[in-house]
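What follows is one structure encoded as structure tokens, with my remarks underneath.
In full-length UniProt numbering, the protein residues as written are 1 to 64.
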């Protein structure tokens, strides 16, 4: 199973990942990114890949 890697130093809290894959990505009340889980479930693969693509600061990656 793949894992989501977040570069929290780069993340600016735009929220595009949350809009694209809300089942995996959440912004807390301060705009900090929270993951609901780090491993990418098969049913979330497409949404997570889309979230990685739309991140304007390239703070998201998926690793095997």
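Yeah, the Cβ is synthetic: ideal placement off N, Cα and C, and Gly gets one too.
**Prompt:** Considering residue 10, what are the terminal residues of the beta strand (DSSP E) in which it resides?
**Reply:** From DSSP, residue 10 is part of no beta strand (DSSP E); its letter is neither H nor E.
**Item:** Neighbourhood of residue 39 by C-beta, 6 Å cutoff - its chain only, sequence neighbours within 5 removed
**Value:** 1 and 3
**Asked** Going by the CB atoms, is the gap between residue 32 and residue 13 shorter than 8 Å?
**Response** yes
**Asked** Would the beta-carbon of residue 48 fall within 8 Å of that of residue 62?
**Response** yes
**Prompt:** Between 21, 27, 26 and 64, which lies nearest to residue 50 when the distance is taken from Cα to Cα?
**Reply:** 21
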